Amino acid sequence: MCNRWGWLVCALCLAATSTSPLVAAGMLAGTAAVDITDYESGPSNDPLYAKAIVLTSDDVRLAIVTVDAVAIGGIGRIGDDFLPLVQKRVEAETGVAPHSLIVNASHCHGVVRADVAELTIEAVKQAAAAQVPVLVGVGAAEEDGIQVNRRLRLKSGREADIRHAYAMPPNDEVAGLGPVDPEIGLIRFDRLDGSVLAVVYNFACHPIQGVPSGGNTADLVGFASKAIEESLGGGCTALFLQGCAGDINPVNYKQTNVVRDAEPLGNRLGLSVLKAVREITTKADSRLGLRAKTLQLPRADYAQQIIELEILQSRLARSLSGTSLSFDTFVPLLVKYGVGGEFPSDYRHLYLRDELASKKGLENLDRENRKNLAQYIDNIRVMEEITRVNTNLALLKKHQAEHVAAQSRFVDVNLTTLRIAECVLTTFPGELTAQIGLDIKAQARDEFTFVAGYTNGYIYYAPTTEQMLNVGGAQEDSDCILAPRWEEFYKEAVLEELLKM
Ligand SMILES: [Zn+2]
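This is the structure in structure tokens:
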């Protein structure tokens, strides 16, 4: 076991497998899409897919697979046995080595079929069998109208997040919100006749808007891919690679007065892709390379934070004070005092009558009611805070139990870096938050450097060290198994890998 100084060493003890970038005579690409929707699970709105693109250049062969599912293992329908099984079978049937298989989950919350592994293998097999010579072009687009950072900075210095699991913090406590990454990374593969074979696009946003029917859906990225494929035509396949979406939500996620509908958001994303992808010039740049590493990151120990949150939980419960009102009397009074201005309880002339007679009946009634309303609202705010604490405390306890049961103080993560022509792509198995992606891109050497989270496994959220100071306040800092120093180790390793591509 490593001591605390050993962390740095351990974090850099990487088992690496690499395939050197090559400048080759030409690149081959083949694509396929297989429907993985579980139509037995309930009404379906639109299909979920496992899509694959298999690329070959000289002796390098790799596959990028995108799956409309919440995660590759860890949570949801796809089990932890999925990736090793798919890797093994894909290697045997297509020659794509296990470390050269990139499987990215879109993170939509649709329900996939129980035999999703078989269907995914089928997609890679079909793609490998359909390879044709291609030209490759790389570019980027922007979209900032469909997403929002879901972490709100509060005046207290803490942060709260936008979830359906609990209420928003009160408006008068909100001081700001975090960043989004508007960049859409684009790779276009053209057949030699100039038609588009595939578009791979990388963007960061939780695809969790939902559809009016409430049916199974690939959500906004399903609609975006459909718009791209139908518009470009010619049997083009659009493959969505989820980015650093850990703290990025669709913009209308918590609306209560608008029907939740992913389709317009997806169409807008698709249009932004189309606008830029048509401008890309493809080239005979057939560089293809891949490096895969196992990186050890420090595991979180939440023992102390759990105690602190339990103290907060009990302090909040004790702060609930008595009030004469019940919900049934509170709601009509709230409306009456909201619209009644200075004279909520009766006609103005009756207030004047009181005044002329030096009586204070209505004045006293209003004072009492306003005091009770304020007290009831205070209690509601405490209740809302308790729901946030309860939810996030449950997440911390779950991960602490895993920490106690774990054999190691480290979490092994798969880190894969790819070179495809002018583009460099790095992947990570957790829900990286937007700032991480922005930082990596800002420090990367290559202009077209893209980051894909949710790939080749699932280790929950991966927020910044700064966001982790907020432990227990939001999902990203509570549904997390990494210790704060993970960010330093991860970025160092990624930037080192990017330079080698
Ligand atoms: Zn998520």
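With the working numbering applied, the sequence shown corresponds to residues 1140 to 1640, in that order. Positions of the beta carbon are idealized from the N, C-alpha and C atoms, including for glycine. What you are looking at is a predicted structure, and each value in this text was computed from that prediction instead of being measured.
Per DSSP, the bridge partner or partners of residue i
i	result
Tyr1188	Asp1174
Ile1214	Per DSSP, none; premise fails for Ile1214.
Thr1205	Lys1190 and Asn1243
Ala1168	Leu1194 and Val1271
Leu1621	Arg1438
Arg1200	Thr1195
Ser1183	Asn1355
Val1335	Asp1329
Ile1323	Ala1280
Length of the line joining the Cα atoms of residue i and residue j
i	j	result
Leu1436	Gly1382	20 Å
Val1521	Gln1514	11 Å
Leu1404	Ile1285	6 Å
Arg1506	Arg1454	29 Å
Ser1460	Ile1387	36 Å
Ala1268	Val1229	12 Å
Arg1558	Gly1428	5 Å
Val1335	Ala1544	50 Å
Leu1571	Ile1347	17 Å
Ile1419	Ala1306	44 Å
Ala1163	Lys1537	Only weak support exists for where Ala1163 lies, its pLDDT of 42 falling under 50; the coordinates are left without a value.
Met1640	Val1563	7 Å
Val1633	Gly1353	39 Å
Val1416	Tyr1340	9 Å
Arg1289	Pro1389	9 Å
Leu1534	Ile1445	10 Å
Phe1221	Ala1256	6 Å
Gln1270	Thr1170	7 Å
Lys1190	Phe1379	9 Å
Phe1362	Gly1576	24 Å
Val1250	Ser1458	42 Å
Val1242	Ala1423	26 Å
Asp1283	Ala1384	13 Å
Ser1484	Val1397	34 Å
Ala1523	Thr1195	Before going on, a small fix: residue 1523 reads as Glu here, not Ala. One C-alpha to the other measures close to 54 Å.
Lys1414	Ala1337	15 Å
Arg1430	Val1590	14 Å
Thr1556	Thr1566	6 Å
Asp1332	Tyr1178	38 Å
Lys1393	Asp1300	11 Å
Gly1373	Ala1262	19 Å
Tyr1188	Val1225	16 Å
Tyr1490	Tyr1476	15 Å
Pro1308	Arg1407	29 Å
Asn1503	Arg1487	15 Å
Leu1240	Tyr1441	34 Å
Cys1247	Val1550	25 Å
Gly1315	Gly1212	34 Å
Arg1548	Gly1612	24 Å
Arg1297	Asp1517	19 Å
Residue i, DSSP secondary structure in three states
i	result
Asp1219	coil
Tyr1340	strand
Phe1362	helix
Phe1469	helix
Phe1328	strand
Gly1315	strand
Ser1484	coil
Glu1605	coil
Ala1496	coil
Ala1613	coil
Glu1514	Inspection of the sequence shows that residue 1514 is occupied by Gln rather than by Glu. If DSSP states are grouped into helix, strand and coil, Gln1514 belongs with the helices.
Met1522	helix
Gln1226	helix
Val1350	coil
His1345	coil
Gly1477	helix
Cβ-heavy atom distance, residue i to ligand 2, below 6 Å
i	result
Asn1553	In the structure shown, ligand 2 is absent; the only ligands present are ligand 1.
Residue ranges of each alpha helix (DSSP H) within the segment 1417 to 1465, 4 or longer:
Qualifying alpha helix (DSSP H) stretches, in chain order: 1442 to 1458.
Give, in chain order, every unbroken run of the beta strand (DSSP E) that is at least 3 residues long and sits entirely within the segment 1542 to 1601.
List check, beta strand (DSSP E) in window: 1549 to 1559, 1562 to 1566 and 1587 to 1591.
Ligand 1 site residues, beta-carbon cut 6 Å against heavy atoms
Per the Cβ criterion, the list is His1246, His1345 and Glu1570.
Every unbroken alpha helix (DSSP H) within the segment 1235 to 1310, with a cutoff of 4 residues, ordered by chain:
Counting whole runs of 4 or more residues, the segment 1235 to 1310 contains the alpha helix (DSSP H) stretches 1255 to 1268.
Tell me the start and end of each unbroken beta strand (DSSP E) in the segment 1365 to 1416 that is at least 3 residues and wholly inside, in chain order.
Runs found: 1376 to 1381 and 1387 to 1389.
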